[in-house]
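Adding 56 to a residue's 1-based position in the sequence shown gives its number in the working numbering.
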Amino acid sequence: MAEDKLSCKVLFFAAAAEAVGEREQTITVGIGSTVADVFDHFASMHTALTSLQQTCAFAIDEKLVHIDTEVTDGCTMAVLPPVSGG
57 MAEDKLSCKV
67 LFFAAAAEAV
77 GEREQTITVG
87 IGSTVADVFD
97 HFASMHTALT
107 SLQQTCAFAI
117 DEKLVHIDTE
127 VTDGCTMAVL
137 PPVSGG
């Protein structure tokens, strides 16, 4: 992998998984990329994700993070839409 790139596994849950059509993908992005950058990449290919951005929570390596948090090489990012049930 080039020194200016990193790899990140992205997990999609609930409505996000439905929008993308799968539960996980691995992405290569530039160093300094944020959760928002990764989300925007997938939203550009799966427009149904766009409406979820304002209501989703995001996690990196099982810790909730802000959308402006930088992703790191080898991390696992989760896209967590709100869910309901009983």
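For each residue, glycine too, the CB sits at the ideal point set by N, CA and C. Bear in mind the structure is a predicted one, so any value in this text is a computation, not a measurement.
Pick from the options: whose alpha carbon is nearest that of residue i?
| i | options | result |
| --- | --- | --- |
| residue 77 | 140, 63, 99 and 62 | 99 |
| residue 59 | 115, 88, 125 and 123 | 88 |
| residue 116 | 63, 128 and 102 | 128 |
For residue i, name the three-state secondary structure that DSSP assigns.
| i | result |
| --- | --- |
| residue 76 | helix |
| residue 69 | coil |
| residue 82 | strand |
Quick one: give me the first and last residue of the alpha helix (DSSP H) that residue i is part of.
| i | result |
| --- | --- |
| residue 94 | 91 to 101 |
Could you check the C-alpha separation between residue i and residue j for me, to the nearest Å?
| i | j | result |
| --- | --- | --- |
| residue 71 | residue 125 | 22 Å |
| residue 95 | residue 140 | 22 Å |
| residue 109 | residue 62 | 23 Å |
Hey, quick one: how far does the beta strand (DSSP E) through residue i stretch, first residue to last?
| i | result |
| --- | --- |
| residue 104 | No beta strand (DSSP E) contains residue 104, which DSSP labels as neither H nor E. |
| residue 139 | Neither: residue 139 is in no beta strand (DSSP E) and is coded neither H nor E. |
| residue 116 | 113 to 116 |
Three-pair Cβ contact test at 8 Å for the region 70 to 86 versus the region 127 to 138: Taking a cut-off of 8 Å for Cβ pairs, the region 70 to 86 and the region 127 to 138 touch, as three or more such pairs fall below it.
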